[in-house]
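A.B. asks: Protein chains in written order, with my numbering: chain A, 31 to 196; chain B, 31 to 196. Before we start, here is the structure in question, set down as structure tokens.
Number of protein chains: 2
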Amino acid sequence: MTQPSNHIPNSSEHNHNKCVNEALITAERLCRERGVQLTPIRHKVLTLIWDSHKAVKAYELLDRLRPEQKTAKPATIYRTLDFLLEQGLIHRVESLNAFVGCHCSAYQHEQLLLICKYCEEVQERSAKGVMTALSHEAKQADFIVHSKAIEVHGTCAKCQKIQASQ
Amino acid sequence: MTQPSNHIPNSSEHNHNKCVNEALITAERLCRERGVQLTPIRHKVLTLIWDSHKAVKAYELLDRLRPEQKTAKPATIYRTLDFLLEQGLIHRVESLNAFVGCHCSAYQHEQLLLICKYCEEVQERSAKGVMTALSHEAKQADFIVHSKAIEVHGTCAKCQKIQASQ
DNA sequence: ATAATTAATGTGATAATATTGTCATTACCT
DNA sequence: AGGTAATGACAATATTATCACATTAATTAT
């Protein structure tokens, strides 16, 4: 198996169906391997999150889950999100209070998120250089790292082009 | 004036009164220079935020403001926080929905926040290496950066020592 | 197989965080 | 005096998140 490349949702060759299928197949495999249950609700929510590369909010998911899960309540969603986060199948975007599918769940790569303020799509980058620099900085501060949230807001390549052409 | 050093709230020589005074004097000067008003409420809220190096929540501030500002409402706090954020006098800690004083308001340094999960104190680091790596990564992705939130959760030096001695 | 255990979900209530809006009043600036 | 900025005094509402307890489903042990 090859290492994951940085994912560019907007690249012209991006086939979203393939993208989603791969993510779900990987999720299914990982859950099987780990002996945890990717139950129907969890599977459905993961699918809803993968519906686009935009970060999606909890209550937005709730609304979209309800048509086929009439009993869904906030707790339903938050529990499901907790599970998906624990399994590394999604990222929480702290600066948006929102969630986005993770491409790299099979790997331990820590990710950097590039968040476009126009199209709202979130791009993951493995960003080894950033992580190395960050580890170095933490070490200097004698700080033991447990988790990182590295979120960059700005304008993605696609939206730059759109703006340039207007 | 010298460049700001990375601030280590837990270092043994840390004198918090001095720390707060410096921050407030800097804030007063900056507001004067910029022609904006550090009104009594804004000054008070900034003082409350600087009360510790922990990130503090909006409604916590509201409770602490009320004894001497009976009329304070959520809008009061959020307006004030907006002002302090705009002026770069505080940071918003995205991953905690909370706020912390900024040491570097006089400089344009972008900061990295080290957040201890035990004592909850937040340490700022200017982290040039991280920022350089991040700019490089963004450039590679053809992404224009507007703002960054770099938040690292873990165990600070002081809490490591406490844990080791138990 | 069945009982016991653990995991997941249903359900209702509530807490915590944040935004918006209006209009009157007060403070500050020129 | 007139204009702008800030606050008071409401209020209302939106958004995000948690908790407790009952019930159901899945897994494990006997």
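The beta-carbon is built from N, C-alpha and C at its ideal position, and this holds for glycine as well.
State the Cα-Cα distance for the pair Y148 (chain A) and Q190 (chain A), rounded to the nearest angstrom.
C.D. replies: In a straight line, the C-alpha of Y148 (chain A) is about 9 Å away from that of Q190 (chain A).
A.B. asks: Counting only Cβ pairs nearer than 9 Å, list the residues of chain A close to A179 (chain B).
C.D. replies: E124, S125, A179, I180, E181, V182, H183, listed in chain order.
A.B. asks: How is T101 (chain B) classed by DSSP in three states: helix, strand or coil?
C.D. replies: Looking at T101 (chain B) - three-state DSSP - the assignment turns out to be coil, as it is neither helix nor strand.
A.B. asks: Taking Cβ positions only, does A157 (chain A) come closer than 7 Å to chain B?
C.D. replies: Judged by the 7 Å Cβ criterion, A157 (chain A) is in contact with chain B.
A.B. asks: Check whether the segment 170-186 of chain A and the segment 166-186 of chain B are in contact - that is, three or more C-beta pairs closer than 8 Å.
C.D. replies: Because the criterion of three Cβ pairs below 8 Å is met, the segment 170-186 of chain A and the segment 166-186 of chain B touch.
A.B. asks: Considering only their Cβ atoms, is the gap separating A105 (chain A) from L95 (chain A) smaller than 7 Å?
C.D. replies: It is not a contact, given that the beta carbons lie outside the stated cut-off.
A.B. asks: With T69 (chain A) and S135 (chain A) assumed to form a contact (beta carbons below 8 Å), what rounded beta-carbon distance in angstroms separates them?
C.D. replies: About 17 Å separates the two Cβ atoms, so there is no contact after all.
A.B. asks: Grouping DSSP H, G and I as helix and E and B as strand, with all else coil, what is T69 (chain A)?
C.D. replies: Coil at T69 (chain A), not helix or strand.
A.B. asks: Counting along the chain, where does the alpha helix (DSSP H) carrying L91 (chain A) start and finish?
C.D. replies: 88-95 is the span of the alpha helix (DSSP H), which, as asked, contains L91 (chain A).
A.B. asks: Flag C186 (chain A) as yes if its beta-carbon sits less than 7 Å from any beta-carbon of chain B, otherwise no.
C.D. replies: Interface residue, yes.
A.B. asks: Give the DSSP-derived three-state secondary structure of Q117 (chain A) in the structure shown.
C.D. replies: Note: Q117 (chain A) maps to coil in three-state DSSP.
A.B. asks: Give every residue of the same chain whose Cβ lies closer than 7 Å to the Cβ of L119 (chain A), excluding the five residues on either side of it in the sequence, and list them in chain order.
C.D. replies: Taken in chain order, the residues that qualify are A57, L76, C132, S135.
A.B. asks: Specify the secondary structure class of H46 (chain B) as computed by DSSP and reduced to three states.
C.D. replies: Three-state DSSP puts H46 (chain B) in a helix.
A.B. asks: In three-state terms, what does DSSP make of C186 (chain B)?
C.D. replies: In the structure shown, C186 (chain B) sits in coil (DSSP, three-state: anything other than H, G, I, E or B).
A.B. asks: Beta-carbon within less than 6 Å of A179 (chain B)'s beta-carbon, same chain only, minus the 5 sequence neighbours each way: which residues are those?
C.D. replies: Hits under 6 Å: E124.
A.B. asks: Using a C-beta to C-beta distance shorter than 9 Å, which residues of chain B count as neighbours of Q117 (chain A)?
C.D. replies: Going along chain B, no residue has its Cβ under 9 Å from Q117 (chain A), so there is no contact; the nearest lies around 19 Å.
A.B. asks: Taking N51 (chain B) as the reference, give the member of B:C146, B:Q67, B:F113, B:I79 with the closest Cα.
C.D. replies: The residue with the shortest Cα to Cα distance from N51 (chain B) is B:I79.
A.B. asks: How many angstroms separate the CA atom of D112 (chain A) from the CA atom of F129 (chain A)?
C.D. replies: Computed Cα separation, rounded: 11 Å.
A.B. asks: Could you tell me whether the Cβ of E167 (chain B) comes closer than 7 Å to any Cβ of chain A?
C.D. replies: Yes, because at least one Cβ of chain A sits closer than 7 Å to the Cβ of E167 (chain B).
A.B. asks: To the nearest angstrom, how far is the alpha carbon of K48 (chain A) from that of R72 (chain A)?
C.D. replies: Answer to the nearest angstrom: the Cα atoms are 20 Å apart.
A.B. asks: Would you mind stating whether L115 (chain A) and R122 (chain A) have Cβ atoms separated by less than 7 Å?
C.D. replies: Against a cut-off of 7 Å, the Cβ pair of R122 (chain A) and L115 (chain A) comes out as a contact.
A.B. asks: Pick out whichever of A:L164, A:C146, A:K87, A:A163 has its Cα sitting closest to the Cα of S177 (chain B).
C.D. replies: Nearest C-alpha to S177 (chain B): A:C146.
A.B. asks: State buried or exposed for I192 (chain A), treating a residue as buried only when at least 16 other CB atoms are found within 10 Å of its CB.
C.D. replies: The residue in question, I192 (chain A), is exposed, as its Cβ has fewer than 16 Cβ neighbours within 10 Å.
A.B. asks: For a contact meaning CB atoms closer than 9 Å, what does A163 (chain B) contact in chain A?
C.D. replies: Going along chain A in sequence order, the residues near A163 (chain B) (Cβ under 9 Å) are A157, K158, G159, V160, M161, T162, A163, L164.
A.B. asks: Counting along the chain, where does the alpha helix (DSSP H) carrying E167 (chain A) start and finish?
C.D. replies: That run of the alpha helix (DSSP H) goes 158-170.
A.B. asks: Taking 6 Å as the limit between beta carbons, can you name the residues of its chain near E140 (chain A), skipping five residues before and five after?
C.D. replies: Cβ neighbours of E140 (chain A) beyond the five flanking positions: M161, K178.
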